[in-house]
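Heads up, the thing below is written out as structure tokens.
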Amino acid sequence: MPERYGDYQSVICGRGAIESVQPNVTTDPRLLEEQARKALGVRSFNYVAGGAGEKATMDSNRLAFRQWKIIPRMLRQVDNQDLSVELFGQKYPNPVLMAPVGVQSLFHEDKETGLAESCAEVGVPYTLSTASTSSIEEVAETNGDGKRWFQLYWPQDDDVTLSLLKRAKDNGFSVLVVTLDTWSLAWRPADLDNAYVPFIKGVGNQIGFSDPVFRAKFEKESGSKLEEDIVGASRAWISDVFPGRPHTWEHIAFLRKNWDGPIVLKGIQHVEDAELALQAGCDGIVVSNHGGTYIITTC
Numbered sequence: 001m002p003e004r005y006g007d008y009q010s011v012i013c014g015r016g017a018i019e020s021v022q023p024n025v026t027t028d029p030r031l032l033e034e035q036a037r038k039a040l041g042v043r044s045f046n047y048v049a050g051g052a053g054e055k056a057t058m059d060s061n062r063l064a065f066r067q068w069k070i071i072p073r074m075l076r077q078v079d080n081q082d083l084s085v086e087l088f089g090q091k092y093p094n095p096v097l098m099a100p101v102g103v104q105s106l107f108h109e110d111k112e113t114g115l116a117e118s119c120a121e122v123g124v125p126y127t128l129s130t131a132s133t134s135s136i137e138e139v140a141e142t143n144g145d146g147k148r149w150f151q152l153y154w155p156q157d158d159d160v161t162l163s164l165l166k167r168a169k170d171n172g173f174s175v176l177v178v179t180l181d182t183w184s185l186a187w188r189p190a191d192l193d194n195a196y197v198p199f200i201k202g203v204g205n206q207i208g209f210s211d212p213v214f215r216a217k218f219e220k221e222s223g224s225k226l227e228e229d230i231v232g233a234s235r236a237w238i239s240d241v242f243p244g245r246p247h248t249w250e251h252i253a254f255l256r257k258n259w260d261g262p263i264v265l266k267g268i269q270h271v272e273d274a275e276l277a278l279q280a281g282c283d284g285i286v287v288s289n290h291g292g293t294y295i296i297t298t299c
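Right, here's the structure in full:
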């Protein structure tokens, strides 16, 4: 990988000229979805590409981003560009962050561990989703010296929450990203028409299934070992992290008390909520509607 991202095109052309090697993945964003459709099974593709309802929010998101334009200035000194940024007391080489993406085994055998390793190689902070097919510990190992954040689907059970926070902190995750824009599994026609959700069969539940507190509670309440009742354990985990009833502002104090690093709230879409986040002691927000994949919004 070149030192500057923009030089990657020279690497591609060089490999083509010398080794007759073409990229495995298209460089045209418009063709990525079709390439993925051909490579993935129907259920996997629908889960990755699908959205809530008729995908109106997904369409609105794309339109909103297309409204922004970059106006270049000419004849400027650009020999010493510095894209580094400082955030929460840490310096990052560029203003790029890998957003949390769950259930990655659906579309690549390397899962979250492979992406975490790649992020470390190019200096991009990696955000691990609670809905992962790799454990906190596995991702930390492959991410090595890379910078990493932990995205929390906030469980209703405080004991489980504390266990997840401790594991994340013990494994070098420096920033806690609390997702607010998905509190329930969504009405996603592409999945529903195939009667499919990966979590029911344990796919995307590895963070919970590897958690000692969740395991102990499930086995005590069910009388079964987790591995002997994957569907039952999956239902228990889903009901805890996607309960259909969100936490409230008063509960932020619990996280603030038990996490000594920066806390970022993901899913803020209203100015007053941004102000409340600041009042609650949070360090940042992510303006997000979950890409329109799990909720339908007007913004």
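Quick note, the sequence shown lines up with residues 1 to 299 if you use full-length UniProt numbering. In this text, a Cβ means the ideal position worked out from N, Cα and C, and glycines have one as well.
Query                                                                                                : Result
Expected contact under 8 Å - CB spacing of residue 177 and residue 214 to nearest Å                  : Actually they do not touch by this definition, with Cβ atoms about 20 Å apart.
8 Å Cβ shell around residue 307 - same chain, five flanking residues per side excluded               : Past the edges of the chain, shown from 1 to 299, lies residue 307, and the structure says nothing about it.
Enclosing beta strand (DSSP E) for residue 126 [first to last residue]                               : 126-128
Residue closest to residue 286, alpha-carbon to alpha-carbon, out of 127, 6 and 11                   : 127
As assigned by DSSP and simplified to three states, the class of residue 90                          : strand
Rounded separation between residue 301 and residue 259 - CA only                                     : Within the shown structure, residues of the chain are numbered from 1 to 299, placing residue 301 beyond reach of any answer.
Among 15, 113 and 145, nearest to residue 139 - alpha-carbon criterion                               : 113
Span separating the alpha-carbon of residue 107 from that of residue 75                              : 44 Å
Within-8 Å CB hit, residue 198 to chain C                                                            : Among the chains in the structure shown there is no chain C, since it carries only a single protein chain.
Distance between residue 282 and residue 180 (C-alpha atoms, nearest Å)                              : 13 Å
Burial state of residue 47, where buried means 16 or more other Cβ atoms lie within 10 Å             : buried
Any alpha helix (DSSP H) of 4 or more consecutive residues that is wholly inside the segment 218-265 : 230-241 and 252-258
Cβ neighbour criterion (16 or more within 10 Å) applied to residue 39                                : exposed
Cβ contact check for the segment 145-156 and the segment 237-257: 3 or more pairs under 8 Å          : yes
Residue 142 (DSSP reduced to helix, strand or coil)                                                  : helix
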